[in-house]
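Residue numbers (my numbering): -4 to 424. Worksheet: one structure, shown below.
Here is the structure:
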């Protein structure tokens, strides 16, 4: 029986796939402790894991992100800088202290620590000598941000170029991002790292995962840019497709229709303003021969306004039961929802410009599995055109089907377990 410590920032889209991992590990008989925000305590307990609450300085309610002082947060790379500084770096020291208490200072330290990519406190834990700490494994539920000479810097939403100009362009952009745009944030990272280890951080803040022992990406190679020059092992496990129970909406049987079924969602964070994507989609498809399903990510359904006759709405829906019925996903780019779509061969229309969403959108276009509208506020005309194209053209379904085959062949939790074993053996050597 192995002993795992799982740690996540208190954000729904980060905690959820790790809950799926915890469920499977405990089902196998492993001991799991789960460090995250207080509002997820019951969900953690239901997995059979032992809940450990984050310190107050590192706990927050992700449902409030984008409200109050954050309501005017920038988009694009400036928005990513804001998120890294405020949501991920600021609680890093408290995260590290909690990790320390349950690893190096614990009577029975875990065999491995599994963290989400934004749990920056794990960077500080990784800075200790490998023979004094458990291996740190990143479970990647965001697009892979690792720096590479052949991939543009993370956050710009750019794809690699073909040809000899790709590497020079990427080098110039990397200098711009690391030395200018993120320079103040990196200075804070280095100061924090010095306070623990007496030296500057060994990696750029977005690239901190290069200091981990391994990365288990919850996707498949066909959705990620190839990087031949990585210094840290990366394994692809496929997405965590968790089964769900609970009551279904009264209209669920209406999904048994001959019409194409389209889901539109703005996720659980960037859903403050439904006029960005949901409302344009409802208006765009109101006269189309489709059935539209909309989830509000927990917001009151009344905030959607008057619904067209072909629309069904709910706050949340069980994705594992919904996606087999879908013909198209219209999304602002949540990584988990996109992976669910690809697992079921569902093509995608995507429009997002906050958090990691430009990177998700770029990969959707690069993989051929959907259409990137390249804006956070598409017009109804643009959505209608893209939806018609994605539903009518076989090439998007075919590309999504290729990724679905890769996901079906992925090893899931076995990949994570084997990765832990591999890095543990490597550390002994």
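Yeah, the Cβ is synthetic: ideal placement off N, Cα and C, and Gly gets one too.
Item to check | Counted within 10 angstroms of its Cβ, other Cβ atoms place residue 298 as buried (16 or more) or exposed | outcome: exposed
Next on the checklist: Which same chain residues end up closer than 7 Å to residue 153 when comparing Cβ atoms and leaving out the 5 residues on each side of it in sequence?
Outcome noted: 147 and 357
Checklist entry - Expressed to the nearest angstrom, what Euclidean distance is found between the alpha-carbon atoms of residue 291 and residue 214? => result The straight-line gap from Cα to Cα measures roughly 25 Å.
Item to check | Cβ shell of residue 47 (< 6 Å), same chain only, five flanking positions each side left out | outcome: 28 and 30
Checklist entry - Could you give the uninterrupted runs of the beta strand (DSSP E) lying entirely in the stretch 165 to 222, keeping only those of 3 residues or more? => result Taking 3 residues as the shortest admissible run, the stretch 165 to 222 contains the following complete beta strand (DSSP E) segments, listed from N- to C-terminal end: 209 to 212.
Next on the checklist: Checking 9 Å against the spacing of the C-beta atoms, do residue 263 and residue 328 come in under that value?
Outcome noted: no
Checklist entry - By how many angstroms is the C-alpha of residue 119 removed from the C-alpha of residue 194? => result Answer to the nearest angstrom: the Cα atoms are 11 Å apart.
Item to check | Member of 35, 71 and 12 whose CA lies at the smallest distance from the CA of residue 56 | outcome: 35
Next on the checklist: Rounded to the nearest angstrom, what separates residue 72 and residue 248 at their Cα positions?
Outcome noted: Using only the alpha carbons, I get a separation of about 42 Å.
Checklist entry - So what's residue 354 in DSSP terms, helix, strand or just coil? => result helix
Checklist entry - How many angstroms separate the CA atom of residue 277 from the CA atom of residue 81? => result 33 Å
Checklist entry - Which whole runs of the beta strand (DSSP E) in the stretch 334 to 384 are 3 residues long or more, in chain order? => result 343 to 345 and 365 to 367
Checklist entry - How would you label residue 372, buried or exposed, when you count the other beta carbons within 10 angstroms and need 16 or more for buried? => result Its Cβ having fewer than 16 others within 10 Å, residue 372 is exposed.
Item to check | Proximal residues to residue 149 (C-beta, below 7 Å), its chain only, five neighbours per side dropped | outcome: 140, 201 and 354
Checklist entry - Short check: CB of residue 2 to CB of residue 100, under 9 Å? => result no
Checklist entry - According to the Cβ coordinates, are residue 339 and residue 399 closer than 9 Å? => result yes
Item to check | Host alpha helix (DSSP H) of residue 98 (start-end) | outcome: Careful: residue 98 lies outside any alpha helix (DSSP H) and carries neither H nor E.
Item to check | Presumed contact (8 Å Cβ cut-off) between residue 343 and residue 326, rounded CB distance | outcome: 6 Å
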